[in-house]
Amino acid sequence: MTTSLRPGTSAATPVGIAEDPADAPAPDRAPADPVKALLRRHHALCAGAVHPLEIAAALEKHGIGDRVAAEYRHRDVFSLAEELHARVERDEDTYGQAPPSTRHDGTATGEHRPATCAALRAGRGRAGLPAWLWLTAYALAGDCAVTLLLHGRHGRSAHALAAAAVNAAAPTALALACAVAPAAWCAHWFTERARRVLARSRGLDEFARQVRPALLVALALFLGALLACLWPARTALPPGGLLGVPARPALDCAAVAALGALFFLARLLSAHGLTRAAVTATLAAATAEALPLASLLAARLPGCEALRWPVGWAAGAYGPAVVPLLACTLPALALLAHAVPALSRASVHGRTDAPHPSRTALPPGAPPVPRAPGRSPRPATPHPVRGEQGR
């Protein structure tokens with residue numbers, strides 16, 4: 001069969017005959033440099049980081065793990081972060097000193113904390129403040145309130161009751177006040193320890209392995225300082241106890257230690273931007289302390305005398321301090337279980353002081369800042385693509 005062709009026309013493909021694959025349009029291929037697209041997407045993050053581990057932690061927070069890093073031809077997310085960190089410095093060296101980028105409010109980003117540390121130093125918030133006040137007030141006067149609701153005044157005057165409550169609250173108030181300085185020192189030591197580990201770590205797993213023991217050591221040091229302040233004052237009380245109830249110094253110290261651990265962990269998490277868990281734990285402890293008082297008050301209503309039995313049995317067998325002990329121990333343990341993995345992530349730690357020298361604006365005509373020794377970018381070892389592994 002012959003087909004006549006006119007000038008400027010092409011032969012049509014017969015029906016049922018496929019076109020030559022060579023003549024078909026080439027399918028869309030992946031970009032030759034996928035890391036460049038990732039760098040453009042997270043340029044502000046990479047430019048504000050002072051260590052590749054900060055970039056690796058932020059990438060992991062965004063869902064980019066070792067499996068996704070393999071798609072970018074890297075063996076793990078840390079090697080990908082090293083290349084991103086090196087490329088940002090290499091681009092600035094190639095195209096000159098880059099001026100600090102500005103935000104919507106007109107301030108330079110170099111004057112603020114890095115993007116990976118934006119959640120640092122967030123306070124515990126207004127939502128947790130009532131819980132903190134309630135827990136502190138119950139630690140001072142809660143045992144006295146439970147004893148009065150269970151046993152009554154026994155003919156004592158209001159002045160005698162107030163004097164007994166003040167004498168019982170004095171050791172706890174003194175211990176909590178004296179433990180503020182050790183708590184601040186332990187929190188500062190843990191933060192600086194984590195930053196030093198961050199500066200020399202080579203991976204996220206290595207960083208987590210070294211930070212977890214530091215958190216437990218900081219908590220143990222604080223509890224030791226709190227008990228050292230509390231035990232002498234608590235044992236100095238008269239043996240008669242509060243309103244005739246026998247004193248149990250060990251149980252009282254354990255209740256205050258549980259409260260101190262809850263306060264320390266909640267404040268440490270809040271300082272690193274993890275406020276929700278801290279507020280939840282303190283609210284749970286405050287609710288657990290308020291329920292026994294509410295049940296004792298409700299037991300005074302006609303027909304509700306059975307509500308008095310659980311609290312009365314526990315306080316009669318172990319003392320009134322068993323209520324704050326149980327109410328604070330369980331939330332403190334839950335908060336510790338949350339804090340160990342949460343504070344072991346590199347994304348919650350970082351430098352918040354002066355910006356990196358390569359991101360500092362220079363006056364016109366000034367020579368470029370020399371690179372610090374040991375910070376020269378080195379090309380990352382590419383990971384073989386899945387299609388090339390069998391070649």
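Position 93 of the sequence shown, counted from 1, bears residue number 93 in the UniProt record's numbering, the numbering being contiguous throughout. Glycine included, every Cβ here is placed at the ideal spot set by N, Cα and C. Here the structure is a predicted model, which is why all the values come from computation and not from measurement.
Subject >> Where residue 72 sits in the DSSP three-state scheme >> reply: Three-state result, residue 72: coil.
Original post:
When burial is assigned at 16 or more other CB atoms within 10 Å of the CB, is residue 316 buried or exposed?
Top reply: exposed
**OP:** Just tell me which of 84, 45 and 47 has its CA closest to the CA of residue 33.
**Re:** Per the C-alpha coordinates, the member of 84, 45 and 47 positioned closest to residue 33 is 84.
Subject >> the stretch 46-62 / the stretch 71-81 touching (three or more Cβ pairs under 8 Å) >> reply: yes
Original post:
Buried or exposed: which applies to residue 289, given that a residue is buried once 16 or more other Cβ atoms fall within 10 Å of its Cβ?
Top reply: By the beta-carbon neighbour count (other beta carbons within 10 angstroms, threshold 16), residue 289 is buried.
Subject >> Where the alpha helix (DSSP H) containing residue 55 begins and where it ends >> reply: 52-61
**OP:** Kindly list the residues whose CB is nearer than 7 Å to the CB of residue 17, restricted to its own chain and excluding five residues on each side of it in sequence; keep chain order.
**Re:** Model confidence at residue 17 stands at a pLDDT of 47, short of 50, so the residue's coordinates are unreliable; what they give is reported in the following sentence. Around residue 17: no qualifying Cβ.
**OP:** In angstroms with no decimal places, state the Cα-to-Cα distance between residue 87 and residue 186.
**Re:** Approximately 38 Å, taken between the alpha carbons.
Original post:
Just how far apart, CA to CA, sit residue 119 and residue 270?
Top reply: Unreliable placement is indicated for residue 119, whose pLDDT of 35 sits below 50; no coordinate value is reported for it.
**OP:** Within its chain, find whatever has a CB closer than 7 Å to the CB of residue 281; leave out the 5 residues flanking it on each side and keep chain order.
**Re:** 262, 266, 331, 334 and 335
**OP:** For the alpha helix (DSSP H) containing residue 398, list its first residue and its last residue.
**Re:** Since the first and last residues shown for the chain are 1 and 391, residue 398 lies out of range.
Original post:
Roughly how many whole angstroms lie between the Cα atoms of residue 384 and residue 71?
Top reply: With a pLDDT of only 40 at residue 384, under 50, the local geometry of the prediction cannot be trusted, and no value is derived from it.
Original post:
Using the rule of at least 16 other Cβ atoms within 10 Å of the residue's Cβ for burial, across every protein chain shown, is residue 132 buried or exposed?
Top reply: Classification of residue 132: buried, given that the 10 Å Cβ count is 16 or more.
Original post:
Hey, how far is the Cα of residue 219 from the Cα of residue 193?
Top reply: 14 Å
Original post:
Quick check: the stretch 271-280 against the stretch 305-316, are there 3 or more CB pairs under 8 Å?
Top reply: Cβ pair count under 8 Å is below three, so no.
**OP:** Can you tell me which of the three DSSP states residue 304 falls into?
**Re:** coil
**OP:** Run the CB neighbour count on residue 304, radius 10 Å, all protein chains shown included, and call it buried at 16 or more, exposed below.
**Re:** exposed
Original post:
With burial defined as no fewer than 16 other Cβ atoms inside 10 Å of the residue's Cβ, what is the status of residue 250: buried or exposed?
Top reply: exposed
**OP:** Report all residues from its chain with a CB closer than 6 Å to the CB of residue 134; omit the five preceding and five following residues, and keep chain order.
**Re:** 286
Subject >> The alpha helix (DSSP H) enclosing residue 42, as first and last residue numbers >> reply: Residue 42 -> no alpha helix (DSSP H), and no H or E assigned at all.
Original post:
Curious, which full-length alpha helix (DSSP H) runs of at least 4 residues does the stretch 257-344 contain?
Top reply: 275-298, 309-318 and 322-342
Subject >> Cutoff 8 Å; reference residue 76; Cβ partners in own chain excluding five residues on either side >> reply: 66, 69 and 203
Original post:
Mapping DSSP to helix, strand and coil, what is residue 152?
Top reply: coil
Original post:
Exposed or buried, which one is residue 224 when buried takes at least 16 other CB atoms within 10 Å?
Top reply: Exposed: under 16 other Cβ atoms inside 10 Å.
Original post:
For residue 49, which of helix, strand or coil comes out of DSSP?
Top reply: coil
Original post:
Are there 16 or more other CB atoms within 10 angstroms of the CB of residue 40, so buried, or fewer, so exposed?
Top reply: exposed
Original post:
The alpha helix (DSSP H) with residue 212 in it runs from where to where?
Top reply: 204-235
**OP:** Note down the Cα distance separating residue 321 from residue 252, rounded to an integer number of angstroms.
**Re:** Distance between the alpha carbons of residue 321 and residue 252 is about 6 Å.
Original post:
Where residue 63 and residue 128 are concerned, what is the direct C-alpha to C-alpha distance, given to the nearest angstrom?
Top reply: 30 Å
Original post:
What number of angstroms, rounded off, separates the C-alpha of residue 138 from the C-alpha of residue 324?
Top reply: So the two alpha carbons sit approximately 8 Å from each other.
Subject >> Separation of residue 298 from residue 166, as counted between CA atoms >> reply: 26 Å
**OP:** Give me the Cα-Cα distance between residue 234 and residue 47, rounded to the nearest whole angstrom.
**Re:** 54 Å
**OP:** Note down, in chain order, each residue of its chain lying with its Cβ closer than 7 Å to the Cβ of residue 212, except the 5 sequence neighbours on either side.
**Re:** 340 and 344
**OP:** Can you have a look at residue 188 and say buried or exposed, based on whether 16 or more other CB atoms are within 10 angstroms of its CB?
**Re:** exposed
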